[in-house]
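Participant: Position in the sequence shown (from 1) plus 16 gives the number in the numbering used here.
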Amino acid sequence: MKRNLAYALIVMLVAVASCSFTNKSFETDDKDKLLLDLITYVLERGHYQPKDIDDDFSVNVFEGFLDILDPTKRYFLESDIQEFEKYKFQLDDQIKNTDITFFDMVYQRLLKRMEDAKEIYKEVLDEPFDYSVDETIEINYDGQGYVDSRKDLKERWRKQLKYATLGTYDSKLNLNKESAKAGTDGDEPVAFEDENSAAGPLTPEQAEKAARESTKNTLDDYFDFVDDLERKDWFVQYLNTIVEVFDPHTFYFAPDDKEKFDTSMSGKFEGIGARLQKKKDQTKIVEIISGGPVWRDQQLEVGDEI
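(1) With a threshold of 16 other CB atoms inside 10 Å of the CB of D70, please say whether the residue is buried or exposed.
(2) Between D240 and L85, what straight-line distance do the alpha-carbon atoms span, to the nearest angstrom?
(3) What separation, rounded to the nearest whole angstrom, lies between the Cα atoms of F81 and Y157?
(4) Sort out for me which residues DSSP pairs I301 with in a bridge.
(5) In three-state DSSP terms, what is F78?
(6) Which value, in whole angstroms, describes the spacing of the CA atoms of D48 and M121?
(7) Can you name the residues that DSSP bridges to E321?
(8) Do you know offhand how far E143's Cα is from S306's?
(9) Given this structure, state the Cα-to-Cα distance separating K104 from V261, to the nearest angstrom.
(10) Reducing DSSP to helix, strand and coil, say where L316 ends up.
(11) Three-state secondary structure (DSSP) at F241?
(12) If you follow the alpha helix (DSSP H) that S95 is in, where does it begin and where does it stop?
(13) Taking DSSP as the reference, what is the three-state secondary structure of P217?
(14) What span of residues does the alpha helix (DSSP H) with V122 cover, start to end?
(15) Could you check what DSSP says for F208 in three-state terms: helix, strand or coil?
(16) My understanding is that R228 touches L169, with C-beta atoms under 8 angstroms, so please give their C-beta distance in whole angstroms.
(17) Determine contact between the stretch 124-143 and the stretch 89-100, defined as no fewer than three beta-carbon pairs at a distance below 8 angstroms.
(18) Measure the Cβ-Cβ separation of Y268 and I55 and say whether it is below 9 angstroms.
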């Protein structure tokens with residue numbers, strides 16, 4: 017009976033979450049609160065092993081949500097965290113009262129800090145890295161604190177990006193060695209080009225610049241992806257933090273994600289019959305599904321831009 021009740025509640029939850037809410041007076045906050053209320057009800061009443069939503073629960077949600085949003089601690093400042101901490105032991109009450117004040121504050125601050133981060137990483141990658149200098153970086157981010165100022169934040173970004181770029185720089189130098197070795201063995205030397213140099217092996221300076229540009233392109237793509245996220249996408253992260261603290265084996269799917277999950281599990285695919293990939297402002301076809309509309313029409317092919 018209890019299992020049937022849980023199933024019925026989940027069906028109701030998905031149904032309500034899928035509604036379009038055409039009434040203009042029903043604002044985003046109202047939908048978020050209703051969804052939070054439904055999920056809390058399902059967890060407390062329908063779960064086979066209910067857990068108390070108390071201060072300990074609140075602390076776990078607080079820490080888990082911030083860790084999801086900023087795992088490498090290069091967005092938020094210490095002053096942000098101190099401001100957030102007034103809610104550290106209040107989230108259990110907020111959840112029970114369908115209050116999303118904490119989420120709203122963190123979400124708005126995250127958007128601001130991400131805009132700051134866009135400026136910072138571009139400033140860092142505009143300057144060459146000096147790999148002759150001995151430096152250390154702490155990659156156990158859990159053990160790090162948040163920094164106090166933009167200057168300290170930029171320095172954290174600099175070390176992290178230098179560390180991230182080092183592998184690309186090293187691989188480009190190794191291509192030089194392979195090219196030289198091929199020449200000494202009597203084989204045709206490996207020739208390759210960098211957009212900023214003539215054909216041939218890269219100098220260390222050119223390799224360093226190319227590595228930085230590669231890292232910058234990766235970050236540009238990442239932030240293009242982030243810019244496409246909507247408030248509801250971030251709210252799903254908050255909901256899943258709550259759900260995971262309640263039970264790490266339970267997960268909330270937004271309606272669109274639920275449809276994708278069902279598709280992946282069933283092997284059925286409906287739509288244009290192609291897999292798309294977005295990069296910057298371009299969307300390309302990277303795979304055509306056999307038997308789908310695109311495959312049958314034969315007007316589009318892999319590599320075409322949408």
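Using N, Cα and C, we set each Cβ at its ideal position, and we do this for glycine too.
Facilitator: The short version:
(1) exposed
(2) 17 angstroms
(3) 15 angstroms
(4) L292
(5) helix
(6) 14 angstroms
(7) K300
(8) 47 angstroms
(9) 14 angstroms
(10) coil
(11) helix
(12) E94 to F100
(13) coil
(14) T117 to L141
(15) Below a pLDDT of 50, predicted positions are generally treated as unreliable, and F208, at 44, falls in that range; the measurement from the model is reported next regardless. F208 falls in the coil class under three-state DSSP.
(16) 19 angstroms between Cβ atoms; not a contact.
(17) yes
(18) yes
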